[in-house]
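Colleague:
4 protein chains.
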Amino acid sequence: MGTIDGKEFVTRLNLLKNDVWVKGEKVKGAISEHSAFQGVVKSKAALYDMQTGEHKSVLTHTEQGITYGTSFMKPKTKEDLEKRRNATQLWARKSGGMMGRAPDYMNTAIMAFSSGASLIEKKHKKGSENLVQLYEKAKNLDLSFTHTYVSPQVNRGSFYYEDWEEEPIAAQAVKKTKDGLLFKGARLLATQGGLTDELLVFSTGVKGLDEKGAFAFSIPSNTEGLTFLCREPFSYHSSSFNYPLSSRFDELDAIVIFNNVLVPWENLFFYEDKQAAESLFLRSSYVSLILHQVVSRQVVKLEFTLGVAQSIVDTINISEYQHVQAKISEIVIALETMRGLLLTSEKEAQKDQFGIMAPSVHPLYVAVTLFSNTYPRLTEIVELLGASGLITLPTEADFDSEMGEKLNYYLQSFSKGGYERVKLFRLAWDMTLSAFGTRQTLYERFFFGDPIRLLSNMYRSYPRRNYQEFVENFLDQ
Amino acid sequence: MGTIDGKEFVTRLNLLKNDVWVKGEKVKGAISEHSAFQGVVKSKAALYDMQTGEHKSVLTHTEQGITYGTSFMKPKTKEDLEKRRNATQLWARKSGGMMGRAPDYMNTAIMAFSSGASLIEKKHKKGSENLVQLYEKAKNLDLSFTHTYVSPQVNRGSFYYEDWEEEPIAAQAVKKTKDGLLFKGARLLATQGGLTDELLVFSTGVKGLDEKGAFAFSIPSNTEGLTFLCREPFSYHSSSFNYPLSSRFDELDAIVIFNNVLVPWENLFFYEDKQAAESLFLRSSYVSLILHQVVSRQVVKLEFTLGVAQSIVDTINISEYQHVQAKISEIVIALETMRGLLLTSEKEAQKDQFGIMAPSVHPLYVAVTLFSNTYPRLTEIVELLGASGLITLPTEADFDSEMGEKLNYYLQSFSKGGYERVKLFRLAWDMTLSAFGTRQTLYERFFFGDPIRLLSNMYRSYPRRNYQEFVENFLDQ
Amino acid sequence: MGTIDGKEFVTRLNLLKNDVWVKGEKVKGAISEHSAFQGVVKSKAALYDMQTGEHKSVLTHTEQGITYGTSFMKPKTKEDLEKRRNATQLWARKSGGMMGRAPDYMNTAIMAFSSGASLIEKKHKKGSENLVQLYEKAKNLDLSFTHTYVSPQVNRGSFYYEDWEEEPIAAQAVKKTKDGLLFKGARLLATQGGLTDELLVFSTGVKGLDEKGAFAFSIPSNTEGLTFLCREPFSYHSSSFNYPLSSRFDELDAIVIFNNVLVPWENLFFYEDKQAAESLFLRSSYVSLILHQVVSRQVVKLEFTLGVAQSIVDTINISEYQHVQAKISEIVIALETMRGLLLTSEKEAQKDQFGIMAPSVHPLYVAVTLFSNTYPRLTEIVELLGASGLITLPTEADFDSEMGEKLNYYLQSFSKGGYERVKLFRLAWDMTLSAFGTRQTLYERFFFGDPIRLLSNMYRSYPRRNYQEFVENFLDQ
Amino acid sequence: MGTIDGKEFVTRLNLLKNDVWVKGEKVKGAISEHSAFQGVVKSKAALYDMQTGEHKSVLTHTEQGITYGTSFMKPKTKEDLEKRRNATQLWARKSGGMMGRAPDYMNTAIMAFSSGASLIEKKHKKGSENLVQLYEKAKNLDLSFTHTYVSPQVNRGSFYYEDWEEEPIAAQAVKKTKDGLLFKGARLLATQGGLTDELLVFSTGVKGLDEKGAFAFSIPSNTEGLTFLCREPFSYHSSSFNYPLSSRFDELDAIVIFNNVLVPWENLFFYEDKQAAESLFLRSSYVSLILHQVVSRQVVKLEFTLGVAQSIVDTINISEYQHVQAKISEIVIALETMRGLLLTSEKEAQKDQFGIMAPSVHPLYVAVTLFSNTYPRLTEIVELLGASGLITLPTEADFDSEMGEKLNYYLQSFSKGGYERVKLFRLAWDMTLSAFGTRQTLYERFFFGDPIRLLSNMYRSYPRRNYQEFVENFLDQ
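Chains as they are written, first to last, in the working numbering: chain A, 1 to 477; chain B, 1 to 477; chain C, 1 to 477; chain D, 1 to 477.
See the structure below:
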């Protein structure tokens with residue numbers, strides 16, 4: 001019980017035999033060896049392995065003699081928050097911040113939701129207990145999760161309501177039985193869908209369904225009737241020279257199809273209750289804690305971006321140009337800003353009603369909002385610095401061929417031979433311009449939702465009244 | 001003699017047996033059937049085919065009874081410019097403006113340079129004649145060209161000079177023989193390198209070589225010692241559903257290696273003469289005419305972008321949102337602006353000293369400069385509109401599998417079934433987020449050179465004096 | 001009859017004795033000599049004077065032997081449009097484009113509305129005739145106009161309707177008599193209000209009034225009950241060294257108050273008819289013609305801005321810096337873009353149903369939309385170039401004092417003595433940073449309405465369908 | 001000894017009889033009653049008065065029983081930094097952050113320089129002692145200071161060196177006597193020049209003078225030969241309704257002329273020593289401490305801006321619009337970002353070699369750099385929100401006139417009567433669009449120097465090496 005290592009993770013995953021489809025075919029045999037998944041599974045396994053070695057003190061914590069993952073730890077002090085940040089960043093460094101769904105992300109979500117379980121206790125006694133038990137189980141078995149928060153993007157018009165007769169599009173309960181609820185329909189964008197032990201479903205509402213569209217549960221990924229349909233994999237090639245990131249960190253995203261899936265009562269937290277959904281989301285410290293994990297990772301991504309950009313600058317010797325200096329400084333500004341907001345959220349953390357030390361939410365909300373605009377700009381800076389050097393990119397096979405020597409000579413740079421230089425530039429390319437790289441950018445852009453909605457939410461939630469009073473008093477003086 | 005059709009183009013190309021390498025292997029057999037090249041060769045052949053059918057009147061012109069390609073036509077009137085624009089745009093529409101090197105691009109270059117051949121007549125009588133003859137030959141045989149304008153990006157520091165002892169990096173003449181000059185070294189970024197009849201080399205200088213680095217010639221692509229090393233191909237898959245653009249228009253970019261290549265005297269225009277290079281570039285109407293071709297194509301690309309963006313809007317029904325309207329309007333503004341500058345360049349065209357009707361260069365220079373910033377923003381708009389819909393993209397094989405029906409149902413949108421909707425979104429993705437799409441963006445960003453240098457050039461070349469006088473008079477009044 | 005000169009303009013204006021208030025006092029005596037108005041009245045008079053001198057051929061046209069102002073000319077050919085443009089720009093150059101309401105602006109409006117008078121003929125026969133007669137009278141007497149298009153900004157919420165019991169806020173007809181309609185209430189932002197012969201009121205609707213809020217008429221500025229309440233004047237000082245622009249071109253903006261103003265039937269064009277308002281606005285060539293005037297002026301303003309910016313660059317010798325070159329090039333881009341759109345609107349002009357040669361509206365609409373964002377950025381560039389030099393600005397009195405010599409010495413620059421340099425910098429300051437300068441920027445920002453609404457309008461009116469078909473055909477090929 | 005109150009400040013200032021010129025005239029009589037200075041002197045006096053009342057515990061600290069201003073306190077702990085921040089912000093709130101040179105700014109500078117006095121001890125023993133003594137004296141007498149850091153902007157070309165024969169332009173020592181050094185020439189932009197007890201001159205170099213151009217001293221403002229030439233005052237009117245900011249906080253900026261001014265040896269810190277200048281600037285905690293003061297004030301300015309913007313939104317009821325919400329959120333983002341960087345600089349503060357608790361400099365450097373770009377954008381937001389409401393601005397006299405009642409009625413808004421609404425809008429106008437407001441924006445833009453140079457400095461000083469190692473390790477793994 002407690003933390004697992006990489007081998008346990010892989011073994012357990014393969015045993016699940018989840019129903020996963022990719023490129024028109026159902027995955028057969030060990031999913032960990034399938035070409036589309038082997039890279040990311042191996043990378044994830046490596047994270048679990050770190051829980052036992054030199055990083056154990058950062059990545060785990062002990063309760064009553066048992067060692068659990070740090071990301072499952074409920075923070076009670078500011079030091080706990082610091083420890084959580086360090087754990088997240090240590091894992092994030094393994095992928096340059098490119099794994100949006102390292103295990104700590106969902107672990108944090110489960111921990112945070114369960115901390116506020118009592119919020120739904122009154123109306124959903126059993127559900128509240130189920131949620132607490134899920135957390136205990138997850139922590140004890142070091143379970144991994146994926147989740148789906150959104151319904152299919154059928155029609156985004158403001159007056160659209162799904163109006164189905166026979167077949168729902170957005171997944172929903174279609175029948176109640178003595179064993180549980182029967183779900184039918186689809187939900188979107190389970191990142192790593194099919195690669196985890198469990199699937200968490202949390203719905204704050206489905207258009208046109210109101211109360212009925214609000215439900216939450218967690219079920220094993222191999223529950224009968226559950227199918228994961230993956231988008232096209234971007235790990236086109238397993239060469240880590242050609243695709244240093246795609247080949248290792250392509251987490252894939254799946255459409256989840258519920259074909260009369262039975263969700264047992266003991267897996268359900270609540271259903272037909274919008275207010276319960278809102279309570280758990282907004283009145284627990286969920287948002288605060290999950291953003292703390294997210295921003296911690298994003299800071300690492302910025303460190304990585306700064307390192308890549310500066311390496312390009314040195315490689316082709318453009319450090320002297322004022323506009324180059326300004327571009328690197330833009331990355332520095334982004335990094336320091338995000339770091340400043342993250343640390344401030346810890347400095348101003350306060351205990352919530354459940355005894356959780358919750359980071360201050362406003363700086364974190366500002367941070368993710370900024371990041372959704374800034375990260376695309378920073379990838380643009382990498383492109384502007386690399387310029388034509390990001391086009392002339394031979395492959396590993398070219399360097400291995402009889403042309404290799406010539407390439408190494410002609411593509412040499414100020415500080416590197418052709419091979420080393422192309423290796424760096426391929427990393428820069430894979431981070432920004434490959435199908436993997438652009439999916440990263442899109443992912444960050446929309447990480448916390450539509451950027452325009454983010455700003456409206458910020459408007460509504462930010463306490464502005466005291467600043468108006470400041471001005472009113474000023475006018476009256 | 002005169003125009004060819006697609007079949008002639010392909011036959012001739014295959015006969016050349018150019019020395020082309022891709023993914024570590026030398027191309028053997030018919031290059032037109034190689035997986036990396038078949039798409040673009042077929043697309044190019046289709047353009048040549050258009051010269052004979054319904055579009056003949058636009059795409060060709062007649063001189064002394066012979067039919068030549070319009071892009072070879074020397075414009076003498078404003079109507080000629082309009083005809084040239086129409087021809088370029090007709091071809092551009094076949095690829096949504098995605099082929100930067102449709103044949104008319106290099107045809108225009110050859111035509112424009114040769115028009116100013118007399119500029120180098122005094123010092124390079126033979127070279128001047130060679131240039132004129134190349135034009136005649138190209139026009140008569142409908143030859144296709146690639147070119148390389150730049151040296152390897154070894155070191156972009158301002159004080160760097162290549163200083164080699166045994167082996168030059170940047171290609172240059174290493175020996176003079178009675179038959180011609182012997183070239184050794186590399187040059188960069190021949191788009192469609194190895195896929196054309198001829199290679200035009202035009203060098204305005206090589207760092208550290210001064211006069212010696214300035215030379216220009218055109219040689220057949222299959223000249224002995226000439227090797228084309230392609231970057232990794234982005235036509236990962238031949239399905240035009242999966243990759244509507246990559247599979248058809250990936251032009252590839254090649255490093256060109258000169259391994260003691262003999263350039264015969266009759267192919268040479270000049271050498272060891274920086275001033276000749278500058279004359280041909282700046283005192284002929286080359287810049288003006290080539291920009292007229294480029295901007296004509298870019299306008300088509302904007303039309304295509306507008307069409308794609310608006311189709312996304314309608315598909316997911318987001319037309320009502322103010323920020324969506326603003327984003328589409330941004331594309332409209334870009335389109336109308338580019339169109340306005342293009343038409344103004346024709347309206348203000350003037351005959352140059354060689355009798356060529358040259359479009360006004362300032363509006364065109366402004367247009368390409370604008371485009372290098374605007375196009376990346378417009379692709380960003382496509383991403384912002386498509387949002388998560390650009391992530392959930394199954395492949396053709398998925399739709400063909402037993403899961404196809406479900407996908408078609410669950411991915412349906414306001415106006416389309418899942419299959420049709422994914423088809424559109426895959427186009428949007430391939431235009432902006434695939435490796436092909438991002439290479440397009442990078443290509444447009446740097447099309448006419450480093451954007452910062454573009455602005456400095458504009459500063460230097462734009463006539464500002466009269467506006468200062470305007471202000472001086474105002475102050476004195 | 002026909003054109004007047006400056007003296008006639010001033011004499012007529014003074015005779016009107018309009019009811020104008022400024023800084024808490026009613027203007028008494030000759031308004032042309034009042035400190036708040038003398039500058040702009042003199043500047044306007046100078047424009048009228050130009051109609052008789054060397055510029056007569058540009059500024060006037062002849063019909064049946066009589067000479068009228070060019071801005072009253074109904075364009076029938078593309079040459080007419082060119083002439084109109086030249087006339088507008090000639091006048092605009094006198095103020096560096098800083099007079100938004102040089103007489104040609106309203107002259108064009110009157111001409112354009114009257115050209116479409118037949119649009120309301122059916123329902124408003126008399127009103128239609130009144131409109132035509134107003135045009136004839138205006139042209140014959142060279143009348144000057146101001147107008148008010150908007151109601152007070154009480155509440156911009158989307159569900160607000162003015163709901164008054166005793167006193168309307170937004171001006172409206174409160175009583176119908178045999179002589180005409182009685183108006184009560186206020187209207188906003190009559191630029192040069194009280195400084196013109198006539199006041200044109202054109203209302204497309206008042207919140208909460210629907211049909212009743214739509215009316216249009218023109219009445220003499222000295223009509224009984226009509227009061228013009230000016231904002232604070234920005235001509236703080238009459239020294240043209242200190243305030244080269246404020247002292248000459250502060251047009252002032254007035255709130256217009258109707259205190260039971262009788263609008264005679266013969267001055268009315270229509271009332272209680274929203275559709276008539278929309279017809280005249282949208283189905284005549286009004287928008288196209290007025291934008292042609294506006295953009296012509298804005299181009300001059302950009303020329304002036306370029307001249308000022310370049311003069312600063314030369315004065316303090318910063319021409320060598322790349323970022324300075326980029327900033328000047330930004331102005332060049334703006335200028336060429338606006339010019340390109342303007343010329344294209346003429347190139348693509350078409351005759352409307354009334355025989356008017358109407359410039360193409362889309363390029364012009366794009367131009368004004370661009371300008372509302374670009375002009376503020378260009379003034380920012382002037383600030384960035386001038387930098388601290390825009391703070392250290394002594395006055396004329398300082399140079400005239402015993403400290404003058406020292407100032408002239410210590411404030412010298414690369415190319416100018418201190419006095420001359422401060423003269424230039426004060427111009428730059430007055431254009432961008434003085435109360436006059438910022439009002440200019442605000443004026444251009446909102447010239448054609450809320451920038452966000454502009455983009456939505458563009459979205460709705462621009463023909464996008466053919467571009468979608470382009471993409472549909474592409475997908476189907 | 002120790003803190004003074006407002007009355008003492010004013011009395012002392014008037015006694016100095018500094019040689020101050022404004023609008024061509026030398027100030028005679030009590031400067032505190034001169035129309036150009038009365039507002040700012042009164043505002044400053046009010047700050048001194050706060051040192052004795054309810055805010056005493058924040059604004060002062062006690063050493064050995066004596067009460068000194070908090071801004072003179074050398075921080076030894078993080079709590080001290082917090083206290084310093086609170087003191088700065090308390091004063092800043094009195095002006096909405098509009099007084100860039102509230103006394104704490106220069107007090108902090110004097111404190112910070114003197115803390116590092118030992119850096120120059122070796123070569124300038126006496127100077128080092130003079131610096132320490134200046135600090136003690138300043139603290140004891142609560143002296144106020146202005147300073148000049150820059151030379152006249154004669155020629156900003158990179159190769160310019162001032163080359164004078166008879167008369168230097170940039171102030172410098174022209175003669176050495178037994179009593180001290182004789183200075184001649186000008187220095188720029190002493191904000192509040194002539195309104196303080198002392199003038200601090202700190203020169204890191206004058207073009208063309210090298211060592212000779214580096215010197216530092218502090219002398220009484222009324223030293224013989226010292227003249228302050230003020231720019232035009234922007235307190236055009238003393239009405240605080242019309243000009244709520246200009247009338248109270250226009251600090252004025254002066255050119256300082258040295259007409260053979262004797263700087264006694266005991267006032268001199270060093271001269272002819274570039275290295276001493278650099279040491280004091282870069283190796284003391286000067287930058288860190290002064291930025292801590294600056295950013296503390298800027299945060300207050302953002303709070304004020306948010307309050308003004310939100311008040312406009314509520315007044316005209318535009319809260320519902322998404323773009324309005326986004327604009328307010330932009331201000332929130334700026335505020336939280338600056339706050340986060342400020343708090344992080346304290347969290348990561350470290351003791352320097354002199355025992356000073358120095359805030360971390362990188363977050364602060366990022367903060368001021370961000371602010372120089374952000375503040376102009378935020379004032380733009382205020383303009384965009386206020387829109388035409390910022391043009392229709394009658395004066396107090398208008399409301400006092402017989403038109404007042406009408407104005408109050410017609411200019412009413414959703415939540416305010418016309419008078420109150422105009423009062424708020426005039427504040428917004430005075431903050432952004434008046435000559436005072438634009439000078440504020442320019443001041444913030446260039447506060448810490450040329451924004452482009454700021455970015456280059458950041459590039460050079462920021463530790464980036466570890467991030468490159470991060471990437472190198474990643475590539476090697």
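Just so you know, even glycine gets a beta-carbon here, dropped at the ideal spot from N, CA and C.
Within the 9 Å Cβ cut-off, does Gly307 (chain D) reach chain A?
Modeller: Yes, because at least one Cβ of chain A sits closer than 9 Å to the Cβ of Gly307 (chain D).
Colleague: Residues of chain B with a CB under 8 Å from the CB of Trp505 (chain A): which are they?
Modeller: There is simply no residue 505 (chain A) to check, as chain A begins at 1 and stops at 477 in what is shown.
Colleague: Looking at the ligand ZN, does it come within less than 8 Å of Phe304 (chain A), judged from the CB to the closest heavy atom?
Modeller: In the structure shown, the ligand ZN is absent, as is every other ligand, since no ligand is present at all.
Colleague: Name the residues in the region 321-334 of chain A whose C-beta lies less than 9 Å from a C-beta of chain C; which are they?
Modeller: Flagged, chain order: Tyr321, Gln322, His323, Ala326.
Colleague: For Asp250 (chain B) and Phe436 (chain B), what's the separation of their Cα atoms in angstroms?
Modeller: About 7 Å.
Colleague: Could you tell me the boundaries of the beta strand (DSSP E) in which Ile290 (chain C) lies?
Modeller: Where Ile290 (chain C) is concerned, there is no enclosing beta strand (DSSP E), although the alpha helix (DSSP H) it sits in stretches over 286-316.
Colleague: Quick check on DSSP: helix, strand or coil for His34 (chain B)?
Modeller: Correct three-state label for His34 (chain B): coil.
Colleague: Short of 8 Å Cβ to Cβ, which residues in the region 405-425 of chain D face chain C?
Modeller: Within the region 405-425 of chain D, the qualifying residues are Lys406, Leu407, Tyr409, Tyr410, Leu411, Gln412, Ser413, Phe414.
Colleague: Quick one: list the residues of chain A neighbouring Gln310 (chain D), beta-carbon separation under 7 Å, in chain order.
Modeller: Those within 7 Å of Gln310 (chain D) in chain A are Arg464, Tyr467, Gln468.
Colleague: For Thr438 (chain D), go through chain C and note every residue whose CB falls closer than 7 Å to its CB, in chain order.
Modeller: In chain order: Leu433, Thr438.
Colleague: CA-CA distance, Glu63 (chain A) and Asn86 (chain A)?
Modeller: Spanning the two alpha carbons is a distance of roughly 19 Å.
Colleague: Is it the case that the Cβ atoms of Ser32 (chain B) and Leu245 (chain B) are separated by a distance below 9 Å?
Modeller: No, Cβ-Cβ distance for Ser32 (chain B) and Leu245 (chain B) is not below 9 Å.
Colleague: If I follow the unbroken alpha helix (DSSP H) through His323 (chain D), where does it start and stop?
Modeller: Run containing His323 (chain D): 322-347, per the alpha helix (DSSP H) assignment.
Colleague: Under 8 Å between beta-carbons, which chain D residues line up against Ser456 (chain A)? List them in chain order, please.
Modeller: Those are Gln322, Gln325, Ala326, Ser329, listed as they occur along chain D.
Colleague: Just reading off the alpha helix (DSSP H) that Leu143 (chain C) is part of, what are its end residues?
Modeller: Per DSSP, Leu143 (chain C) belongs to no alpha helix (DSSP H) and is neither H nor E.
Colleague: Give a yes or no on whether the minimum CB-CB distance between Glu366 (chain A) and chain D is below 9 Å.
Modeller: First, the residue type needs correcting, since residue 366 (chain A) is Val and not Glu in the sequence shown. Closer than 9 Å: yes.
Colleague: If we count Cβ pairs, one from each stretch, closer than 8 Å, do we get three or more for the region 146-153 of chain B versus the region 188-195 of chain B?
Modeller: The region 146-153 of chain B vs the region 188-195 of chain B: in contact.
Colleague: If Leu189 (chain D) and Ile391 (chain C) are in contact, beta carbons under 8 Å, what's the gap, nearest whole angstrom?
Modeller: Sure, about 6 Å apart at Cβ, within 8 Å.
Colleague: Between the alpha carbons of Arg187 (chain A) and Gln310 (chain B), how many angstroms are there, rounded?
Modeller: Distance between the alpha carbons of Arg187 (chain A) and Gln310 (chain B): 26 Å.
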